[in-house]
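Visitor: I have a structure I would like to understand better, so I am pasting it below and will then ask my questions one at a time.
Residue numbers (my numbering): 22 to 367.
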């Protein structure tokens, strides 16, 4: 097995690793470079990083290992480090964390030190970028560019073009389930052209798994929404509609029902909630499916904010949405979450 190039061996072990796994790597029992590298990889120091953007030129960071603070300079002294998760948010979302012992990143030297640490990460990283990320802050973009391998990216930026180079970088690197596999997108951009090509690309690759709209879906998004629901094996969709858009909501529901029926044999379960006005005419057809495969389908009409069962929500793929924002429910809403069986989860 040592005839295999070292670069391929190391890349395979890195991309097949899971930060949530605590048992020894299955590669550690192999001989040669496979076993040696797997054993050294097990000694890697895992950490998570939170970045709090206060202004365009001033931000703070907090690195921790399972909640225990660790300083950037301490991590730089470690031989092997792995950035498991990066959370980047703005002032409004982190006001309740003012007492956290943040490290200031207000000078160029401090920013370069942080970038050096990120470049040394030898694992795959989940990145969450919040809605309050400044559009044109070059330091922040440089920090994201320093991450070697991204497993999943939850984008909530206003201008997706600001991260397009980062997306393309990880598309080219073919990082496992990541970018090039965007698992979920939270869409709040005003200019559809900035996201349409990315949505279309990852729809064609059958790897985009979730779309999330907090408020009523703008009409310009409907072609993308329909393409997503019709052509992907999605795992998550949430969308709202205005009262006068009932026909569009019903058309969307038709696509969801057709997708579920086509995939039902490969699904562990389906959790579907929608406003009664759009669900009733499809409920009978869905209940027929439920009778044939009992326990696999849960459907209901509801007039309140929809929220999935906690135990199922915790099984959402790494990097997927973590919670529902506290926003009013649109007049008409549709929420669906699915889980593939293991053999079909591709």
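The beta carbon of each residue, even a glycine, is placed where N, CA and C say it ideally should be.
1) What did DSSP end up calling residue 156 once you bin it into helix, strand or coil?
2) Please name the residue or residues paired with residue 362 in a DSSP beta bridge.
3) Are residue 139 and residue 164 closer than 8 Å when you measure CB to CB?
4) Would residue 276 and residue 243 qualify as a contact pair, given that the criterion is a beta-carbon distance under 8 Å?
5) Helix, strand or coil, according to DSSP, for residue 162 in the structure here?
6) Closer than 8 Å by C-beta to residue 122: which residues in its own chain qualify, once you throw out the five before and the five after it? Chain order, please.
7) Can you look up residue 122 in the DSSP assignment and give me helix, strand or coil?
8) I'd like the span of the alpha helix (DSSP H) that includes residue 139, first residue to last.
9) For the beta strand (DSSP E) that contains residue 293, what are its first and last residues?
10) For residue 103, does the count of other Cβ atoms within 10 angstroms reach 16, so buried, or fall short, so exposed?
11) Whose CA, out of 53, 56 and 93, lies closest to the CA of residue 69?
12) Alpha carbon to alpha carbon, how far is residue 146 from residue 281?
13) Rank 310, 134, 148 and 74 by C-alpha distance to the C-alpha of residue 290 and give the top, closest one.
14) In angstroms with no decimal places, state the Cα-to-Cα distance between residue 134 and residue 162.
15) Which term fits residue 73, buried or exposed, when burial requires 16 or more other beta carbons within 10 angstroms of its beta carbon?
16) Between residue 362 and residue 307, what straight-line distance do the alpha-carbon atoms span, to the nearest angstrom?
17) Could you give the first and the last residue of the continuous beta strand (DSSP E) run that contains residue 149?
18) Taking 8 Å as the threshold (C-beta atoms), are residue 360 and residue 256 in contact?
19) Quick check on residue 86: does DSSP put it in helix, strand or coil?
20) Distance, Cα to Cα, residue 316 vs residue 296?
21) Going by C-alpha to C-alpha distance, which of 66, 149 and 80 sits closest to residue 128?
22) Which residues in the same chain have their Cβ closer than 6 Å to the Cβ of residue 330, if we skip the five residues on either side of it in sequence?
23) Quick check on this structure: which residue in 137, 97 and 88 has the alpha carbon closest to the alpha carbon of residue 169?
24) Alpha carbon to alpha carbon, how far is residue 319 from residue 354? Give it in angstroms, no decimals.
25) Between residue 167 and residue 258, what straight-line distance do the alpha-carbon atoms span, to the nearest angstrom?
26) Please identify the residue among 303, 150 and 286 whose C-alpha is closest to the C-alpha of residue 313.
27) If we ignore side chains and look at the alpha-carbon of each, how far apart do residue 148 and residue 107 end up?
28) Residue 97 to residue 87, Cα distance in whole Å?
29) Please list the terminal residues of the continuous beta strand (DSSP E) segment that includes residue 258.
30) Residue 305: buried (16+ other C-beta within 10 angstroms of its C-beta) or exposed?
31) Quick one: residues in its chain with C-beta nearer than 6 Å to the C-beta of residue 271, no 5 flanking neighbours on either side, listed in chain order?
32) Whole angstroms is fine: what's the gap from residue 233's alpha carbon to residue 260's?
33) At which residues does the alpha helix (DSSP H) containing residue 91 begin and terminate?
34) Pull up the distance between the alpha-carbon of residue 369 and that of residue 239, whole angstroms please.
35) Can you give me the C-alpha to C-alpha distance between residue 264 and residue 273, rounded to a whole angstrom?
Guide: A quick look at the data gives this:
1) Counting from 1 along the chain shown, the entry for residue 156 is found at position 135. Unreliable positioning characterises residue 156 in this predicted model, as indicated by a pLDDT of 49, which lies under 50. The coordinate reading is nonetheless provided below. Here residue 156 sits in coil by DSSP.
2) Here the question's residue 362 lines up with position 341 in the chain shown. Partner(s): none; residue 362 has no beta bridge.
3) Here residue 139 refers to the residue found at position 118 of the chain shown. Here residue 164 refers to the residue found at position 143 of the chain shown. Going by C-beta atoms, residue 139 is nearer than 8 Å to residue 164.
4) Looking up residue 276 in the chain shown gives position 255. Looking up residue 243 in the chain shown gives position 222. The answer is no: Cβ separation not under 8 Å.
5) Locating residue 162 in the chain shown gives position 141, where the first residue counts as 1. Helix.
6) The count along the chain shown starts at 1 and reaches residue 122 at position 101. Taken in chain order, the residues that qualify are 83 and 90.
7) In the chain shown, counting from the first residue as 1, residue 122 sits at position 101. DSSP places residue 122 in coil when its eight states are reduced to three.
8) Within the chain shown, the letter at position 118 stands for residue 139. Unbroken alpha helix (DSSP H) run through residue 139: 129 to 140.
9) Within the chain shown, numbered from 1, the residue matching residue 293 stands at position 272. Segment 288 to 295, the beta strand (DSSP E) holding residue 293.
10) For the purposes of this step, residue 103 is taken as residue 82 along the chain shown, with counting starting at 1. By the 10 Å Cβ count, residue 103 comes out buried.
11) One-based indexing of the chain shown puts residue 69 at position 48. When only C-alpha atoms are compared, the closest one is 93.
12) Your numbering for residue 146 matches position 125 in the chain shown. Your numbering for residue 281 matches position 260 in the chain shown. Straight-line Cα distance between these residues: approximately 31 Å.
13) In the chain shown, residue 290 corresponds to position 269, counting from 1. The shortest Cα separation from residue 290 among 310, 134, 148 and 74 belongs to 310.
14) Working through the chain shown from its first residue, we reach residue 134 at position 113. Working through the chain shown from its first residue, we reach residue 162 at position 141. Cα to Cα, the separation comes out at about 15 Å.
15) What you label residue 73 is simply residue 52 of the chain shown in a count that begins at 1. It is buried - the Cβ of residue 73 has at least 16 other Cβ atoms within 10 Å.
16) Residue numbering aside, residue 362 sits at position 341 when the chain shown is read from its first letter. Residue numbering aside, residue 307 sits at position 286 when the chain shown is read from its first letter. Near 19 Å, if we compare the C-alpha coordinates of residue 307 and residue 362.
17) As a working note, residue 149 is residue 128 in the chain shown. Where residue 149 is concerned, the enclosing beta strand (DSSP E) stretches over 146 to 150.
18) The sequence position of residue 256 within the chain shown is 235, counting from 1. The sequence position of residue 360 within the chain shown is 339, counting from 1. Cβ atoms of residue 256 and residue 360: closer than 8 Å.
19) Taking the chain shown and counting its residues from 1, one reaches residue 86 at position 65. If DSSP states are grouped into helix, strand and coil, residue 86 belongs with the strands.
20) Start at 1 with the first residue of the chain shown, and residue 316 comes out as number 295. Start at 1 with the first residue of the chain shown, and residue 296 comes out as number 275. Using only the alpha carbons, I get a separation of about 22 Å.
21) What you label residue 128 is simply residue 107 of the chain shown in a count that begins at 1. The residue with the shortest Cα to Cα distance from residue 128 is 80.
22) Your numbering for residue 330 matches position 309 in the chain shown. Reliability fails at residue 330, whose pLDDT of 36 lies under 50, so the model's placement of it is uncertain and no value is given.
23) Numbered from 1 along the chain shown, position 148 holds the residue referred to as residue 169. If we check each option's Cα against that of residue 169, 137 comes out closest.
24) Position 333 of the chain shown, counting from 1, holds the residue named residue 354. Position 298 of the chain shown, counting from 1, holds the residue named residue 319. Roughly 16 Å separates the two Cα atoms.
25) Residue 167 sits at position 146 when you count from the first residue of the chain shown. Residue 258 sits at position 237 when you count from the first residue of the chain shown. Cα-Cα distance, rounded: 31 Å.
26) The sequence position of residue 313 within the chain shown is 292, counting from 1. Selected option, being the one with the closest Cα: 286.
27) Within the chain shown, numbered from 1, the residue matching residue 148 stands at position 127. Within the chain shown, numbered from 1, the residue matching residue 107 stands at position 86. Taking the straight line joining both Cα atoms gives about 5 Å.
28) Taking the chain shown and counting its residues from 1, one reaches residue 97 at position 76. Taking the chain shown and counting its residues from 1, one reaches residue 87 at position 66. Spanning the two alpha carbons is a distance of roughly 18 Å.
29) For the purposes of this step, residue 258 is identified with residue 237 of the chain shown, where counting begins at 1. It spans 257 to 262 - the beta strand (DSSP E) in which residue 258 sits, taken as one unbroken run.
30) For this step, residue 305 is matched to residue 284 along the chain shown. Result: exposed.
31) Mapped onto the chain shown, residue 271 falls at position 250. Closer than 6 Å at Cβ, skipping near neighbours: 299.
32) In the chain shown, counting from the first residue as 1, residue 233 sits at position 212. In the chain shown, counting from the first residue as 1, residue 260 sits at position 239. Residue 233 and residue 260: Cα-Cα distance of roughly 6 Å.
33) Mapped onto the chain shown, residue 91 falls at position 70. Counting along the chain, residue 91 falls outside any alpha helix (DSSP H), and DSSP gives it neither H nor E.
34) Absent from the structure is residue 369, since the part of the chain shown begins at 22 and ends at 367.
35) By one-based count along the chain shown, residue 264 stands at place 243. By one-based count along the chain shown, residue 273 stands at place 252. Each residue's alpha carbon lies about 14 Å from the other.
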